[in-house]
Amino acid sequence: MNTTLPNPYEGEPYTNPFIQRKTTSPGKLFFTVGVFSGGLALRDVTLWVSDGTAAGTRQLRRPLSLDRDPASPVFATGEGPVPFSSSVDHLSSEPWFTLGSVATTGQVGDPRPGSLGSLPDGFARLGNRVYFFAQDATNDYQPWSVPASFTCPPGLTDSE
Numbered sequence: 001m002n003t004t005l006p007n008p009y010e011g012e013p014y015t016n017p018f019i020q021r022k023t024t025s026p027g028k029l030f031f032t033v034g035v036f037s038g039g040l041a042l043r044d045v046t047l048w049v050s051d052g053t054a055a056g057t058r059q060l061r062r063p064l065s066l067d068r069d070p071a072s073p074v075f076a077t078g079e080g081p082v083p084f085s086s087s088v089d090h091l092s093s094e095p096w097f098t099l100g101s102v103a104t105t106g107q108v109g110d111p112r113p114g115s116l117g118s119l120p121d122g123f124a125r126l127g128n129r130v131y132f133f134a135q136d137a138t139n140d141y142q143p144w145s146v147p148a149s150f151t152c153p154p155g156l157t158d159s160e
């Protein structure tokens with residue numbers, strides 16, 4: 001397969017896309033693409049999925065986290081949803097998941113309600129649960145978990 005992903009910043013200086021992280025889930029490759037803006041900050045980060053064909057390669061979510069850590073977390077947990085960290089406003093991040101399509105991509109929850117994100121990370125599966133850590137309203141990192149077979153709660157899917 002030889003596929004060229006679109007670069008919405010093509011022609012602008014210092015906007016070179018790069019693969020940040022990748023993970024696999026049965027039959028699918030998930031990867032994040034970052035774009036630097038000429039400094040330390042990222043200009044854009046997107047989540048993609050591929051089945052190994054050009055036709056089966058598509059963008060799932062934008063924007064992901066633009067935090068100083070230039071690698072938005074995306075984790076395989078075996079069969080089922082692939083959790084990742086995503087942003088709604090390019091500033092804060094919350095826990096999200098995908099099953100490989102825009103329709104099956106959504107926010108898991110909001111551990112830290114309000115305008116500040118919970119900065120989730122460290123997703124790991126143990127038995128029938130997926131654990132991660134995220135900041136809550138006390139500004140401290142706490143352990144969180146969801147069923148490994150979780151699905152998107154109604155109303156939280158973003159159809160971008």
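Each residue of the sequence shown is one higher than the one before, counting from 1 in the working numbering. Cβ coordinates follow ideal geometry from the N, Cα and C atoms, glycine included.
- A straight line joining the alpha-carbon of Gly39 with that of Glu79 spans about 38 Å.
- Gly34 counts as buried, since at least 16 other C-beta atoms from the protein chains shown sit within 10 angstroms of its C-beta.
- By the Cβ neighbour-count rule, Ser93 is buried, with 16 or more other Cβ atoms within 10 Å of its own.
- Nearest to Leu99 by C-alpha distance, out of Leu119, Thr53 and Ser25, is Ser25.
- In the three-state reduction of the DSSP assignment, Ala124 falls in the strand class, which pools E and B.
- Annotation for Phe133: Pro120, Asp121, Gly122, Tyr141, Gln142, Pro143 and Trp144 place their beta carbon closer than 8 Å to its own, counting only its chain and skipping 5 residues before and after.
- Per DSSP, reduced to three states, the secondary structure at Val74 is strand.
- When DSSP reads this structure, Ser50 sits in a beta bridge with Leu29.
- Here Phe18 has Gly34 as same chain residues with Cβ atoms under 6 Å from its own Cβ, once five neighbours each way along the sequence are excluded.
- Every beta strand (DSSP E) stretch that sits fully inside the segment 84-149 and reaches 3 residues is listed by chain position as 93-98, 105-107, 121-126, 129-135 and 141-147.
- Here the alpha carbon of Thr3 sits roughly 12 Å from the alpha carbon of Val49.
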